[in-house]
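Engineer: Here it is: the structure, laid out below.
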Amino acid sequence: MRRLFLSSVILFTLLGARADEGMWIPMLLKYNEAEMRQMGFHLTAEDVYSVNHNSMKDAIMLFGGGCTGELISPDGLVLTNHHCGYSRIQQHSTLEHNYLHNGFWAKNHDEELPNPGLEVTFLVRMEDVTQAVLEGTNDKMQDEEKLRIISQNIEKIKAEAIKGTHYEAVIKPFFYGNQYFLFVNETFTDVRLVGAPPENIGKFGGDTDNWMWPRHTGDFSLFRIYTDKNGNPAPYSKDNIPMKSKKYFTISTKGVNEDDFTLVFGYPGSTQQFLLSDAVDIVANVQNPVAIQARTIRLNAMKYWMDQSLETRLMYSAKANSISNGWKKWQGESKGINECNVLEKKQLEEMDFDRWVNEDKNRAEKYGQLLSEMKRLYKGYRDNIQIYIYNQETFFGVEMLSFIYSKVVPVIEAAKLMPTNPKEFELARVKLAASAKSFFKNYNANIDNECFVNLLSYYFSTQNPEFIPDELKKYINISDVSLIKINDNMYEKSPYFTNPEAFINFIETASAKDFVKLEKNEVVKMIVTIANQSDKNISELRPKASKLNSYYKTYVKALMEKEKDKTFYPDANLTMRVTNGNVKGFEPKDGVEYVYYTTLDGIIEKENPDIFDYKVDPKLKELYEKKDYGRYANAKGEMPVAFIASNHTTGGNSGSPVINADGELIGVNFDRVWEGTMSDINYDVNRCRNISLDIRYFLFIVDKFAGAQNILSELTIK
Ligand code: ASP
Numbered sequence: 001m002r003r004l005f006l007s008s009v010i011l012f013t014l015l016g017a018r019a020d021e022g023m024w025i026p027m028l029l030k031y032n033e034a035e036m037r038q039m040g041f042h043l044t045a046e047d048v049y050s051v052n053h054n055s056m057k058d059a060i061m062l063f064g065g066g067c068t069g070e071l072i073s074p075d076g077l078v079l080t081n082h083h084c085g086y087s088r089i090q091q092h093s094t095l096e097h098n099y100l101h102n103g104f105w106a107k108n109h110d111e112e113l114p115n116p117g118l119e120v121t122f123l124v125r126m127e128d129v130t131q132a133v134l135e136g137t138n139d140k141m142q143d144e145e146k147l148r149i150i151s152q153n154i155e156k157i158k159a160e161a162i163k164g165t166h167y168e169a170v171i172k173p174f175f176y177g178n179q180y181f182l183f184v185n186e187t188f189t190d191v192r193l194v195g196a197p198p199e200n201i202g203k204f205g206g207d208t209d210n211w212m213w214p215r216h217t218g219d220f221s222l223f224r225i226y227t228d229k230n231g232n233p234a235p236y237s238k239d240n241i242p243m244k245s246k247k248y249f250t251i252s253t254k255g256v257n258e259d260d261f262t263l264v265f266g267y268p269g270s271t272q273q274f275l276l277s278d279a280v281d282i283v284a285n286v287q288n289p290v291a292i293q294a295r296t297i298r299l300n301a302m303k304y305w306m307d308q309s310l311e312t313r314l315m316y317s318a319k320a321n322s323i324s325n326g327w328k329k330w331q332g333e334s335k336g337i338n339e340c341n342v343l344e345k346k347q348l349e350e351m352d353f354d355r356w357v358n359e360d361k362n363r364a365e366k367y368g369q370l371l372s373e374m375k376r377l378y379k380g381y382r383d384n385i386q387i388y389i390y391n392q393e394t395f396f397g398v399e400m401l402s403f404i405y406s407k408v409v410p411v412i413e414a415a416k417l418m419p420t421n422p423k424e425f426e427l428a429r430v431k432l433a434a435s436a437k438s439f440f441k442n443y444n445a446n447i448d449n450e451c452f453v454n455l456l457s458y459y460f461s462t463q464n465p466e467f468i469p470d471e472l473k474k475y476i477n478i479s480d481v482s483l484i485k486i487n488d489n490m491y492e493k494s495p496y497f498t499n500p501e502a503f504i505n506f507i508e509t510a511s512a513k514d515f516v517k518l519e520k521n522e523v524v525k526m527i528v529t530i531a532n533q534s535d536k537n538i539s540e541l542r543p544k545a546s547k548l549n550s551y552y553k554t555y556v557k558a559l560m561e562k563e564k565d566k567t568f569y570p571d572a573n574l575t576m577r578v579t580n581g582n583v584k585g586f587e588p589k590d591g592v593e594y595v596y597y598t599t600l601d602g603i604i605e606k607e608n609p610d611i612f613d614y615k616v617d618p619k620l621k622e623l624y625e626k627k628d629y630g631r632y633a634n635a636k637g638e639m640p641v642a643f644i645a646s647n648h649t650t651g652g653n654s655g656s657p658v659i660n661a662d663g664e665l666i667g668v669n670f671d672r673v674w675e676g677t678m679s680d681i682n683y684d685v686n687r688c689r690n691i692s693l694d695i696r697y698f699l700f701i702v703d704k705f706a707g708a709q710n711i712l713s714e715l716t717i718k
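Number 460 in our numbering belongs to position 460 of the sequence shown; there are no gaps in the numbering.
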């Protein structure tokens, strides 16, 4: 029985690609070849993924755990997005050497800047290990028993796969555990910064334009991988040498035309195409609205104070970016879900599923209760999510509250054990002192204070009172005036919480007794109460999520039985995928048509010296005025900047190479259009577009703007 069912799953995966939608497993691409050819691709599946000879996959890496990067020179030069390298560029920036603001271009290898903690991972090979993972399990087993056997099997297979090598092995479930793949990886840890344009190019348009089309962001940065003398991964050392790339991309300056074939190859993070309507409802009506509202409050506070000083801007740029990325995306996602009636569509699919189930006695026996059980579970799950999202986005959105809970409370706990355990207390204090120093390095009390007041006000005035812990009920419905009092009494006058120097001094000098006293502080009590509620909530949420997961496994398997002719692709799970598409504009709303590419003209159109996001670099303007585009202009004499296509991508695909029909690099994927961010749940070819940097703009900036001939001379340009 198991065998039969497994082979049917594999068969569905192998059937081949449908245009546009889908994130395909590179190892199985040979089954997509015909369709890809139809879409315009000239190469073979072997050229894309092969274990026998060097193929495109050897030029692609998971960059920094959440982005994609690609090799573009024989000497380990990596191209990724500016926003993927952003926090590294920021770390190297000071007011004196402000690389974020002015850009950075290493003139030789010696000037390249090391980045401790930054890793890149290459895929050595992958393998379908479903049978070996499920060995010894059967359908009658309890979930726990099954999971125990599965995890034992997984450990065994992994150990076997990397025996005698320096590789790492990962096994991941696909289709909710209907299928498993092994990935053997090689990770490099000496990765140095080589180049980055100034922020007014690399982040042009900023958060205002993020997730939007038309787009004019020069979203790229350059790094280099270093190895030991034998070409193996090694921690940073002066003696390390630039990596000898097994494979790197040739760059094409031919450019793109409407309908051209595009292939995006990278590490998409997470999609949820099979969600039931109940889950979509939770996303659109609980999760997204609360997170959006809370983040609006935080971003407003940050923006105000960042506009006041360059120093604050430096401290908070990366924080604001990461908060606003989700904030904007969820707005587009909710809009897409509403406008495309995704909820209703899913409900109809579920009705159709139930109808199919009840048509047959066997099926009714197997799947008759499935959807109603899932829907029952979702009712309680919805409340858990509401508690989770409110706590996370409001209380834990206040930096100081997060810091108190994660760093100060453990010291209080250690202090309570005094005098029996003085060593532990001293150790905890030293650890806290170190974290406090790095915490306050990028901390602005004005911003955090404002967040405290406004986030708590939002929480107490909108969270369902039933979900507010009893100890905090006294704050419900507080007026603005009493909120200010909360602020004055609880926060500003709470010792140290808004005064970094005093706080550090306290940490260094306070006795255990002083720390114990802190436990009575209103602010500390408040965050501990919330954290306890969060822990309890998570302990309820987890088993429900895992039960739902096992129901989804059955649901997806049943869907595959139901739609035998449909090609299924697995949800993204931060494993390497290929997505196919064509360069294409779209109509975001009635009467509006978006053209598929943008140019430097648009940057000049957007220029506004009063708005940080729209300041244009004087040197760039000069090049524009002289039309000094070199060989990078398009046939009309314009300087192309970005283009859109119908590749199905998601977070993690940032930095992915965009490859033309001949396997040459024509762009770097960096975003999606706002109208189509619902593609993580519901891809729609009429409105979902990925946004890519045109490789010619990258070349133009490196060559004409930065004059970085040393970098240019490493590239193979066609
Ligand atoms: N901007 C996304 C990222 O940072 C890419 C996307 O979601 O399309 O990975």
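Even for Gly, the Cβ is constructed at its ideal location relative to N, Cα and C.
Keep in mind that this is a model prediction, so the values were computed, not measured.
Quick one: what's got a C-beta closer than 6 Å to M1's C-beta in the same chain, skipping five residues either side?
Structural biologist: Numbered from its first residue, the sequence shown carries residue 1 at position 1. Residue placement at M1 cannot be trusted, given a pLDDT of 30 that sits under 50; what the coordinates show is reported in the next sentence. Taken in chain order, the list of residues that qualify is empty.
Engineer: Could you pull out every residue in the same chain whose Cβ sits closer than 8 Å to the Cβ of G368, ignoring the five residues on either side in sequence?
Structural biologist: Position 368 of the sequence shown, counted from the start, is the residue given in the question as residue 368. Hits under 8 Å: V357 and N358.
Engineer: Mind checking which residues open and close the beta strand (DSSP E) that includes N690?
Structural biologist: Counting from 1 along the sequence shown, the entry for residue 690 is found at position 690. Segment N690 to D694, the beta strand (DSSP E) holding N690.
Engineer: Less than 7 Å between the C-beta atoms of I412 and E344, yes or no?
Structural biologist: Taking the first residue of the sequence shown as position 1, residue 412 is located at position 412. Taking the first residue of the sequence shown as position 1, residue 344 is located at position 344. Contact flag unset, no.
Engineer: At the level of alpha carbons, what is the spacing between K589 and F439?
Structural biologist: Along the sequence shown, one-based indexing puts residue 589 at 589. Along the sequence shown, one-based indexing puts residue 439 at 439. Using only the alpha carbons, I get a separation of about 45 Å.
Engineer: Which same chain residues end up closer than 8 Å to K158 when comparing Cβ atoms and leaving out the 5 residues on each side of it in sequence?
Structural biologist: Position 158 of the sequence shown, counting from 1, holds the residue named residue 158. Closer than 8 Å at the Cβ level, and outside the excluded window around K158, lie A169, V170, I171 and L182.
Engineer: Of the choices L276, S270, G326 and I404, whose alpha-carbon is the least far from that of P289?
Structural biologist: On the sequence shown, residue 289 is found 289 positions in, with the first residue counted as 1. Among L276, S270, G326 and I404, the Cα nearest to that of P289 is on G326.
Engineer: Curious, which full-length alpha helix (DSSP H) runs of at least 4 residues does the segment 65-101 contain?
Structural biologist: Segments of the alpha helix (DSSP H) lying fully in the segment 65-101: 82-91.
Engineer: Taking DSSP as the reference, what is the three-state secondary structure of L574?
Structural biologist: As a first step, residue 574 must be located in the sequence shown, where it is residue number 574. In the structure shown, L574 sits in coil (DSSP, three-state: anything other than H, G, I, E or B).
Engineer: Can you find the residues in the same chain that come closer than 8 Å, C-beta to C-beta, to Q709, ignoring five residues on each side of it along the sequence?
Structural biologist: On the sequence shown, position 709 is the one that residue 709 refers to. So the list reads D703, once near-sequence residues are dropped.
Engineer: Sorted by chain position, which residues of the same chain lie with C-beta nearer than 7 Å to R696's C-beta, five sequence neighbours on each side aside?
Structural biologist: Start at 1 with the first residue of the sequence shown, and residue 696 comes out as number 696. Excluding sequence neighbours, R696 sits near T253, G255, Y632 and P640.
Engineer: Identify, in the order they occur along the chain, each residue of the same chain with its Cβ nearer than 6 Å to the Cβ of G676, setting aside the five sequence neighbours on each side.
Structural biologist: Taking the first residue of the sequence shown as 1, we reach residue 676 at position 676. For G676, where only same-chain residues beyond five positions count, the Cβ hits under 6 Å are R687, C688 and R689.
Engineer: For M418, does the three-state DSSP call read helix, strand or coil?
Structural biologist: Counted from its first residue, the sequence shown places residue 418 at position 418. Coil at M418, not helix or strand.
Engineer: In angstroms with no decimal places, state the Cα-to-Cα distance between N682 and E333.
Structural biologist: One-based indexing of the sequence shown puts residue 682 at position 682. One-based indexing of the sequence shown puts residue 333 at position 333. N682 and E333: Cα-Cα distance of roughly 10 Å.
Engineer: Less than 7 Å between the beta carbons of N549 and Y176, yes or no?
Structural biologist: Translated into the one-based positions of the sequence shown, residue 549 becomes position 549. Translated into the one-based positions of the sequence shown, residue 176 becomes position 176. Yes, Cβ-Cβ distance for N549 and Y176 is below 7 Å.
Engineer: Applying the 10 Å Cβ sphere with the 16-neighbour rule, what's the burial state of K474?
Structural biologist: Numbered from its first residue, the sequence shown carries residue 474 at position 474. Exposed, by the Cβ-count rule.
Engineer: Along the chain, where does the beta strand (DSSP E) that runs through A642 open and close?
Structural biologist: Counting from one through the sequence shown, the residue named residue 642 turns up at place 642. First-last of the beta strand (DSSP E) with A642: P640 to A645.
Engineer: So, using beta-carbon positions, are K718 and T394 closer together than 7 Å?
Structural biologist: Taking the first residue of the sequence shown as position 1, residue 718 is located at position 718. Taking the first residue of the sequence shown as position 1, residue 394 is located at position 394. Contact flag unset, no.
Engineer: Tell me whether N115 sits in a helix, a strand or coil according to DSSP, three-state version.
Structural biologist: Mapped onto the sequence shown, residue 115 falls at position 115. N115: coil per DSSP, three-state reduction.
Engineer: In terms of residue numbering, what span does the beta strand (DSSP E) encompassing A169 cover?
Structural biologist: Looking up residue 169 in the sequence shown gives position 169. Note, A169: beta strand (DSSP E), E168 to F174.
Engineer: Taking all protein chains shown into account, do 16 or more other C-beta atoms lie within 10 angstroms of the C-beta of M141, making it buried, or fewer, making it exposed?
Structural biologist: Residue mapping note: residue 141 aligns to position 141 of the sequence shown, counting from 1. M141 should be labelled exposed.
Engineer: So, with DSSP's three-state summary, where would you put Y304?
Structural biologist: Your numbering for residue 304 matches position 304 in the sequence shown. Y304: helix per DSSP, three-state reduction.
Engineer: Can you give me the start and stop residues for the beta strand (DSSP E) that A196 sits inside?
Structural biologist: By 1-based counting over the sequence shown, the position of residue 196 is 196. Here the beta strand (DSSP E) through A196 covers D190 to A196.
Engineer: Decide if the segment 237-245 is in contact with the segment 67-77; the criterion is three or more beta carbon pairs, one per stretch, under 8 Å apart.
Structural biologist: They touch, by the three-pair rule.
Engineer: Determine, using beta carbons only, whether G667 and L693 come nearer to each other than 7 Å.
Structural biologist: Within the sequence shown, numbered from 1, the residue matching residue 667 stands at position 667. Within the sequence shown, numbered from 1, the residue matching residue 693 stands at position 693. Yes; because the gap between Cβ atoms is below 7 Å, this pair is in contact.
Engineer: At a cut of 8 Å, does the segment 456-464 reach the segment 392-409 through at least three beta carbon pairs?
Structural biologist: Taking 8 Å as the limit for Cβ pairs, the verdict is that the segment 392-409 does touch the segment 456-464.
Engineer: Does the beta carbon of D207 fall short of 6 Å from some heavy atom of ligand 1?
Structural biologist: Numbered from 1 along the sequence shown, position 207 holds the residue referred to as residue 207. Not so, every heavy atom of ligand 1 lies at least 6 Å from the Cβ.
Engineer: Flag R672 as yes when its Cβ comes closer than 6 Å to any non-hydrogen atom of ligand 1, and as no otherwise.
Structural biologist: Your numbering for residue 672 matches position 672 in the sequence shown. For ligand 1, at least one heavy atom lies less than 6 Å from the Cβ of R672.
Engineer: When you compare only the Cα positions, how much space is there between I241 and G231?
Structural biologist: By 1-based counting over the sequence shown, the position of residue 241 is 241. By 1-based counting over the sequence shown, the position of residue 231 is 231. Roughly 8 Å separates the two Cα atoms.
Engineer: Among residues of its own chain, excluding the 5 on either side of N54, which ones have a beta-carbon nearer than 8 Å to its beta-carbon?
Structural biologist: If you number the sequence shown from 1, residue 54 lands on position 54. Answer for N54: K246 and K247, listed in chain order.
Engineer: Quick one: what's got a C-beta closer than 8 Å to L4's C-beta in the same chain, skipping five residues either side?
Structural biologist: The residue given as residue 4 occupies position 4 in the sequence shown. For L4, the predicted structure reports a pLDDT of 33, less than 50, and the residue's modelled location is therefore unreliable. A value from the coordinates is still provided. Closer than 8 Å at Cβ, skipping near neighbours: no residue.
Engineer: On the DSSP bridge list, what partners appear for Y594?
Structural biologist: In the sequence shown, residue 594 corresponds to position 594, counting from 1. In DSSP, Y594 forms a bridge with F586.
Engineer: Among H92, E373 and N32, which residue has its Cα nearest to the Cα of H101?
Structural biologist: Numbered from 1 along the sequence shown, position 101 holds the residue referred to as residue 101. Ranking the options by Cα distance to H101, first place goes to H92.
Engineer: What is the DSSP secondary structure of M23, reduced to helix, strand or coil?
Structural biologist: Taking the sequence shown and counting its residues from 1, the one referred to as residue 23 is at position 23. DSSP places M23 in coil when its eight states are reduced to three.
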